[in-house]
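Residue numbers (my numbering): -17 to 242.
Glycine included, C-beta positions come from ideal geometry on N, C-alpha and C.
Since the model is a prediction, treat every value here as computed from it, not as a measurement.
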Ligand SMILES: Cc1cc2nc3c(=O)[nH]c(=O)nc-3n(C[C@H](O)[C@H](O)[C@H](O)COP(=O)(O)O)c2cc1C
C-alpha cells in the first residue's frame, strides 16, 4: 500500500494538524503501508494558470516547472492520499487548494456521465480507485465547523473518481497540545488517530467510534472559551509590555546621545 500524505499547515510539523496527522500515519506504517509525507510549505507549487495546456498542448503535463512535475506520477499511482489541512475560513488552506487544482492533468478534457453527473474521465482508465482521507483541526469548539470542508472533500472525491475514506477532525485543536503538555488525560485521542491509520490499511475503512474518539470533547465549551480568551489577552499584554520596553530603551539612548 502506497500512501501519500500532504500537510498544508504553515506550521508544518509543529502545528496542531500534525498532532493528529502524525499518529495517523504512524498507524498506517505499523500496518505495513509505505507512507510519504509532504509539506506544502517545503514544496514549490505555483497556482494553476488556467490555460488548459495540461489538457490540450502537452496532455498530462503542466507547462509550469515546479515540484508538481515529479509528484504527479506518484499521486496517480498511490493507493491512499491523505489531505491534512487546518481549517481556514471554513475550508481548506490556500496551499492545499492550489495543490488540488494542480492535480487536474491526471484527468482528460472530455466530459462523460458518471452516476448521472458530468465528470472528466481519468487519463489512465486502468487505474485502480484511490482512497482519499481528510485530516483537519480548527480553533473553534464545535465539530460542525468542519461541515463545509467535509462536504467539499466528498465532492472532490466524486470529481477525481476516488473513494472518500473518512475524516479525522479535531475541533478546539490547539487545546490538545496544551493539555498533553500539562499531562491531562488526552492520550486516547492520539491512540485513536493511530488506530484509525491501522484500520484504513488493514480493513480498508475507519470505524465510526474510532473517528468519534479523535473528535471527542476535550473540555467544556465555557472553560475552553475562558482559557482561549485569557491566552489571547496574555499574549496581547506581553506584546504591549515589549513595545513599552523598546520605547523606554530608545528614549534612554536618545537622551544619552544628547548628553554626550
Ligand atoms: C487564516 C486563518 C483562518 C482560520 N479560520 C478558522 C475558521 O474558520 N474556523 C476555525 O474554527 N478556526 C479557524 N482558524 C484556526 C485554525 O484552524 C487553528 O488555529 C488550527 O489549530 C491551526 O492548525 P495548525 O497549527 O496546524 O496550523 C483559522 C486560522 C487562520 C490563521
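- So is the beta-carbon of residue 72 under 6 Å away from any non-hydrogen atom of ligand 1? At least one heavy atom of ligand 1 is nearer than 6 Å to the Cβ of residue 72, so yes.
- Task: Under 8 Å by Cβ, that's how I've got residue 120 and residue 153 pegged, so tell me the actual separation to the nearest angstrom.
- Result: About 6 Å separates the beta carbon of residue 120 from that of residue 153, a gap short enough to meet the 8 Å contact definition.
- If you check the beta carbons only, do residue 180 and residue 9 fall under 7 Å apart? yes
- At what residues does the alpha helix (DSSP H) containing residue 237 begin and finish? Start and end: 203 to 241.
- Distance, Cα to Cα, residue 125 vs residue 131? If I take the Cα positions, the gap works out to 11 Å.
- Message: Taking the alpha-carbon of residue 35 as reference, which of 84, 72, 65 has the nearest alpha-carbon?
- Response: 84
- Message: If distances are taken between C-alpha atoms only, which option among 70, 80, 14, 122 comes closest to residue 155?
- Response: 122
- Item | Residues bridged to residue 150 [DSSP beta-bridge criterion] | 117
- Message: When you measure from the CB of residue 127 to every non-hydrogen atom of ligand 1, does any distance come out below 6 Å?
- Response: yes
- Message: Is residue 122 a contact residue of ligand 1, with contact defined as CB to any heavy atom under 6 Å?
- Response: yes
- Task: Please classify residue -17: does DSSP put it in a helix, a strand, or coil?
- Result: coil
- Message: So, at 7 Å on beta carbons, what are the nonlocal neighbours of residue 189 in its own chain, with the 5 sequence-adjacent residues on each side left out?
- Response: 181
- With a threshold of 16 other CB atoms inside 10 Å of the CB of residue 55, please say whether the residue is buried or exposed. exposed
- Message: I'd like to check one pair, residue -14 with residue 175: are the Cβ atoms closer than 7 Å?
- Response: For residue 175 and residue -14, no; Cβs fall outside 7 Å.
- Item | Same chain, Cβ closer than 6 Å to residue 11, neighbours up to 5 away in sequence not counted | 17
- Determine the burial state of residue 106: buried for a count of at least 16 other Cβ atoms within 10 Å of its Cβ, exposed for fewer. Exposed.
- Item | Local Cβ density within 10 Å of residue 89, reported as buried at 16 or more and exposed below that | By the beta-carbon neighbour count (other beta carbons within 10 angstroms, threshold 16), residue 89 is buried.
- Query: To which residues of the same chain is residue 7 closer than 8 Å at the C-beta, ignoring the five residues directly before and after it?
  - Reply: -15, -13, 17, 19, 64, 179, listed in sequence order.
- Item | Touch test, the region 21 to 34 against the region 66 to 81, Cβ-Cβ under 8 Å, three pairs minimum | yes
- In chain order, what residues of the same chain have a beta carbon less than 7 Å from the beta carbon of residue 177, not counting five sequence neighbours either side? 9, 192
- Task: Give the single residue among 60, 173, 58 whose Cα lies nearest to the Cα of residue 198.
- Result: 173
- Task: To the nearest angstrom, report how far apart residue 0 and residue -10 are at their CA atoms.
- Result: Cα atoms of residue 0 and residue -10: separation of roughly 10 Å, rounded to the nearest angstrom.
- Query: Measuring CB to CB, does residue 147 end up less than 7 Å from residue 115?
  - Reply: yes
- Message: For the alpha helix (DSSP H) containing residue 130, name the first residue and the last one.
- Response: 129 to 141
- Query: Which full runs of the beta strand (DSSP E) of 3+ residues lie inside the region 4 to 73, going along the chain?
  - Reply: Taken in chain order, the complete beta strand (DSSP E) segments of 3 or more residues contained in the region 4 to 73 are 16 to 21, 62 to 68.
- Message: How far does the alpha helix (DSSP H) with residue 92 in it extend, from its first residue to its last?
- Response: Taken as a continuous stretch (DSSP letters only), residue 92 belongs to no alpha helix (DSSP H), as it is neither H nor E.
- Message: For residue 186, count the other beta carbons within 10 Å of its own beta carbon; 16 or more makes it buried, fewer makes it exposed. Which is it?
- Response: exposed
- Buried versus exposed call for residue 4 [16 or more other C-beta atoms within 10 Å across all chains shown]: The residue in question, residue 4, is buried, as its Cβ has 16 or more Cβ neighbours within 10 Å.
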